[in-house]
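In the working numbering, the protein residues as written are 173 to 413. Think of the CB as a built atom: it goes at the ideal place given N, C-alpha and C, for glycine as much as any other residue. Predicted model, so just to flag it, every value in this text is computed and none were measured.
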């Protein structure tokens, strides 16, 4: 299944990661987000995170996503919340040089490291988005153990352990100032929401074998491996101390 079809099945998710608004706010509070900040959201998806921050903290921001349908949804969501004067969204490649976007004081990359080829590329993009005193929040999955079955690990070549992630962000001039970790409840809710999107698609077209196979496959993957071996967290980063 291609990325566009997966996006369609997940388009109704409030947050496109296994986390909650409260956890996002906890991470961004640790990052010190305030009304004085300009937040750059790399791989912003449907724009709900940037809108949440603008609504809560009064900050301004720019969201970047390479999918036109995501940017249209993000703009519509911002308008529905009366936030179009505080946040903007652009259809662009988040992996191109970030200094062409804005002078951000805070940068986010939540669940979008794959757009940069993995954690290494995401950390580099966050670093180049910011000045020396900039702050960042990197949200991504990680291996909960180094002993991951090869048949599962080969499908997630960009996933790293948290210790490996720590080394990568340090190499890019960041220090780790906090972690906000998702639990099994957040993962279960996230996966169930994707399953619900698949079931709605199948209700509309019971003969859609691609969606049926996708639903079966992601359930097998999650309950067979993912729930045991994969975690997800937001890492709050600041300039090296």
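- Restricting attention to 363, 350, 285 and 410, the CA atom closest to the CA of residue 305 is found in 410.
- According to DSSP, residue 346 shares a beta bridge with 411.
- Per DSSP, the beta-bridge partners of residue 406 are 311 and 352.
- The region 287 to 302 and the region 391 to 398 do not touch, with fewer than three beta-carbon pairs separated by less than 8 Å.
- Beta bridge pairing from DSSP links residue 236 with 214 and 262.
- For residue 370, the three-state secondary structure derived from DSSP is helix.
- Look at the beta carbons and you see the region 204 to 215 touching the region 230 to 249: at least three pairs across the two are nearer than 8 Å.
- In the DSSP annotation of this structure, the continuous segment of the alpha helix (DSSP H) that includes residue 387 starts and ends at 381 to 393.
- With respect to the C-alpha of residue 276, the residue from 256, 252 and 308 having the closest C-alpha is 308.
- Shown here for residue 373: same chain residues with a beta carbon closer than 7 Å to its own, the five before and five after excluded, namely 181, 380 and 383 in chain order.
- When the beta-carbon positions are compared, residue 311 and residue 218 stay at least 8 Å from each other.
- Spatial neighbours of residue 387 in its own chain (CB-CB distance under 8 Å, excluding positions within 5 residues in sequence) are listed in chain order as 367, 370, 371 and 374.
- Sorting 300, 179, 285 and 392 by C-alpha distance to the C-alpha of residue 407 places 285 at the top.
- For residue 365 and residue 337, the gap between their C-alpha atoms comes out near 28 Å.
- For residue 278, the enclosing beta strand (DSSP E) covers residues 276 to 282.
- Approximately 5 Å separates the beta-carbon atoms of residue 403 and residue 314; this is inside 8 Å, confirming the contact.
- Between the C-alpha atoms of residue 201 and residue 280 there is a straight-line separation of about 13 Å.
- Distance from the CA atom of residue 254 to the CA atom of residue 224, rounded to whole angstroms, is 12 Å.
- Just measuring C-alpha positions, the residue of 222, 326, 324 and 347 sitting nearest residue 257 is 222.
- Classified as exposed, residue 300 has fewer than 16 neighbouring CB atoms from the shown chains inside 10 Å of its CB.
- Per DSSP, reduced to three states, the secondary structure at residue 186 is coil, with no helix or strand assignment.
- One thing to note: residue 191 has its Cβ no nearer than 8 Å to the Cβ of residue 220.
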